[in-house]
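Going by our numbering, the first residue of the sequence shown is number 1, and it counts up by one from there. The structure appears right after this line, and notes come after that.
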Amino acid sequence: MEQEPDKTLPALPQTGEWDQHIEGLSPRRKAFSRSVVRVAELCARFFGQHWLALFNSVLAVFIGGAFLGPILAYFGENAPASWLLHTYHGLCDQIPSHSYYLFGHQVCLCERCLAIYTTFLLAGLALAIIPRLRRTVHPLDWRLWLLLILPMALDGGTQLLGWRESDLILRTITGFLFGLGAAWFVLPHLEEITRDLVPHMKPASQ
Numbered sequence: 001m002e003q004e005p006d007k008t009l010p011a012l013p014q015t016g017e018w019d020q021h022i023e024g025l026s027p028r029r030k031a032f033s034r035s036v037v038r039v040a041e042l043c044a045r046f047f048g049q050h051w052l053a054l055f056n057s058v059l060a061v062f063i064g065g066a067f068l069g070p071i072l073a074y075f076g077e078n079a080p081a082s083w084l085l086h087t088y089h090g091l092c093d094q095i096p097s098h099s100y101y102l103f104g105h106q107v108c109l110c111e112r113c114l115a116i117y118t119t120f121l122l123a124g125l126a127l128a129i130i131p132r133l134r135r136t137v138h139p140l141d142w143r144l145w146l147l148l149i150l151p152m153a154l155d156g157g158t159q160l161l162g163w164r165e166s167d168l169i170l171r172t173i174t175g176f177l178f179g180l181g182a183a184w185f186v187l188p189h190l191e192e193i194t195r196d197l198v199p200h201m202k203p204a205s206q
């Protein structure tokens, strides 16, 4: 009686197929891989050389959008104004009593958040305007950063627990201190990373 072949075992590849895997990728895929690597290197080089300008531009647009909301509402463009207010709500609690108002309409960032992001932007602009400052400022020690965070934690924490009520001045000052510490810690670290990255990259022409 003839034995039926085992259909569970896969068919062995032909010799040519093994050779193709051993030899590596096809010329077309090699060329595509080189193109992807080249584009990635160009993007990394561009970011390494212009990261601060990109950072400041994005942050300026972000802060500007917070003020654009009430301006649009003032001119009757309620749909885009509401969309902006809703979008910014993902990054800010937007408590009405803790927010600024422009033309009678709420700014999309509260007083504390606005102070944090504005301080971050001012620090970035200072590094861009003063090249010597950009070269010489070292990252803030993390313990000092925690010390600058502490006033905001105390102000916000005691208010959250209902022990006291903060005010505009305290929310602005504590937000400024938090933003200063964060910028002093983060921006010099990014500068060091990109400074070490760019010189070790191959020129784009290679």
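The C-beta atom is built at its ideal place from N, Cα and C for all residues, glycine as well. Computed from a prediction, not measured in an experiment: that's the story for all the values here.
- When the beta-carbon positions are compared, G175 and C113 come within less than 8 Å of each other.
- Only residues of its own chain outside the window of five on either side were considered, and among them F185, P188 and H189 have a CB closer than 6 Å to the CB of P139, listed in chain order.
- Taking F178 as the centre and dropping the five residues before and after it, the same chain places the C-beta of I116, I149 and M152 closer than 6 Å to its C-beta, in chain order.
- For a cut-off of 8 Å, the C-beta gap from L180 to T119 is around 5 Å, short enough to register as a contact.
- Residue environment for L144: exposed (fewer than 16 other C-beta atoms within 10 angstroms of its C-beta).
- At a Cβ-Cβ threshold of 8 Å, L109 and C92 count as neighbours.
- Under the three-pair Cβ rule at 8 Å, the region 87-102 does not count as touching the region 123-133.
- If you draw a 10 Å sphere on the C-beta of R195, you find fewer than 16 other C-beta atoms in it, and that means exposed.
- For the set F46, E41, V58 and Q49, the Cα lying nearest the Cα of L121 is the one of V58.
- Counting every other CB atom within 10 Å of its CB across the protein chains shown gives Y88 a total of 16 or more, marking it as buried.
- Per DSSP, H105 lies in no alpha helix (DSSP H); the unbroken beta strand (DSSP E) holding it starts and ends at H105 to C110.
- Exclusion of the five residues before and after A123 leaves G179, L180, A183, W184 and L187 as the residues of its chain whose Cβ lies within less than 8 Å of its Cβ.
- With 16 or more other Cβ atoms inside 10 Å of its own Cβ, R171 counts as buried.
- In the DSSP assignment, the residues bridged to L102 are H105.
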